[in-house]
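Written below as structure tokens is the structure these notes are about.
Residue numbers (UniProt numbering): 1 to 363.
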């Protein structure tokens, strides 16, 4: 009796974005969670310059050490290439590596540009290779906060006041009066709270816009919303069912951080959370409903984390969506699903199997 072949999963991480290090930390957690009896894992790191290397599969080596984030370098492993050829799913080994075999599915644990924005999803579509997460359009729309807001608002999901500054544009006096102070200035296409500044005086605006433009020439200026920060996980329904929402989580920032920035999230252990939040049941259900509706409005697949503000009047307002949320040991997406009854290894297994069933293209 022959043993069934294990599913061969390429876990792709690192990449060219400013979120390279967090992607590597997320991948370490995913690598540790994939059941070796169920999956044959091929870990592939992408350097900051964009080179693909076959790395070791030790998730522990991809952890944060002190305040240092892990990094994929040319010395991390042997160079490989995925050809955009749907007649083969083999990785082309450029060095003296052989026997890599076909890949069944890719788990692109990539955050930010060149990974979460539809670019690498297009490569997988060209290659006819199933992959975890949103497709090309949803990835691009979810990464761009301007179009997330426009698509959600078209579906009747509340969004806060904002202005978009494209390259060379400045905030008008009319927009300043409309938005008021404080405002948050952020790159339109970035995540992990990179490049965000809270502006309390208009004299600080130019510096905040310049910082955001180091990441993205298109910048959002958002009116500050007084309220509680609540997140919700969404999974694509199994076997064609409706999207499913997790129990939400409320994030509270402590210890001298003005807001939920990169350092508060990942380096300073400066966040506390409640799953579920201490909110009336109808508000929690509204968060879950809006999360699924946002997922559908952007035509998402696989998974997403949808972030909201809940005002003192208990109004629910969309903040943003992440189509490949963090999978680090402290990330809220796996924590919310664990609290909802789906533990990390089963969550990862479900995502891989859902991607395999969905396939690519319009099938």
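Where is the CB? At the ideal position from N, CA and C, for every residue including glycine. Computed from a prediction, not measured in an experiment: that's the story for all the values here.
- Measuring C-alpha to C-alpha distances from residue 164 to each of 252, 186 and 234 identifies 186 as the nearest.
- Residue 183 and residue 222 do touch by the CB rule: their CB atoms are close to 6 angstroms apart, below 8 angstroms.
- Taking each of 147, 339 and 207 in turn and checking the Cα distance to residue 319, the smallest one comes out for 147.
- In this structure, the beta-carbon distance from residue 26 to residue 17 does not fall below 9 angstroms.
- Going by DSSP, residue 197 is part of the beta strand (DSSP E) stretching over 197-199.
- A check of alpha carbon separations from residue 35 across 9, 302, 13 and 335 identifies 9 as the nearest.
- Residue pairing by DSSP places residue 131 opposite 106 in a beta bridge.
- With fewer than 16 other Cβ atoms inside 10 Å of its own Cβ, residue 201 counts as exposed.
- If you ignore the 5 residues before and after residue 314, its C-beta comes within less than 8 angstroms of the C-beta of 279, 280 and 283, all in its own chain and listed in chain order.
- In the displayed model, residue 186 falls within a strand according to three-state DSSP.
- Secondary structure of residue 181 (DSSP, three-state): coil.
- Rounded to the nearest whole angstrom, the CA to CA distance from residue 243 to residue 287 is 14 angstroms.
- Between residue 133 and residue 323, the C-beta spacing is below 9 angstroms.
- Only residues of its own chain outside the window of five on either side were considered, and among them 33, 334 and 338 have a CB closer than 7 angstroms to the CB of residue 344, listed in chain order.
- Within its own chain, the residues whose Cβ lies closer than 7 angstroms to the Cβ of residue 114, once the five positions on either side in sequence are excluded, are 15, 16, 17 and 120, listed in chain order.
- The Cβ-Cβ distance between residue 235 and residue 151 does not fall below 9 angstroms.
- Under DSSP, residue 244 forms a beta bridge with 235.
- Within a 10 Å sphere around the beta-carbon of residue 28 sit 16 or more other beta-carbons, which makes this residue buried.
- Secondary structure at residue 290: helix, using DSSP grouped into helix, strand and coil.
- With a contact defined as Cβ atoms closer than 8 angstroms, residue 173 and residue 332 miss out at about 38 angstroms.
- Per the C-alpha coordinates, the member of 108, 117, 118 and 143 positioned closest to residue 131 is 108.
- Nearest neighbour of residue 166 by Cα position, chosen from 210, 153 and 156, turns out to be 210.
- Assigned with DSSP and collapsed to three states, residue 162 falls in strand.
- Distance from the Cα of residue 359 is smallest, within the candidate group 72, 175, 51 and 106, for 106.
- Ranking 307, 67, 69 and 295 by CA distance to the CA of residue 225 puts 307 first.
- Here residue 252 really is in contact with residue 272; their C-beta atoms are around 5 angstroms apart, less than 8 angstroms.
- Rounded to the nearest whole angstrom, the CA to CA distance from residue 143 to residue 326 is 14 angstroms.
- When C-alpha distances from residue 154 are compared across 241, 37 and 290, the shortest belongs to 290.
- Excluding five sequence positions before and after residue 55, the CB atoms of its chain that fall closer than 8 angstroms to its own CB belong to 43, 44, 45, 72, 76 and 77, given in chain order.
- Assignment of residue 23 by DSSP, reduced to helix, strand and coil, places it in the helix class.
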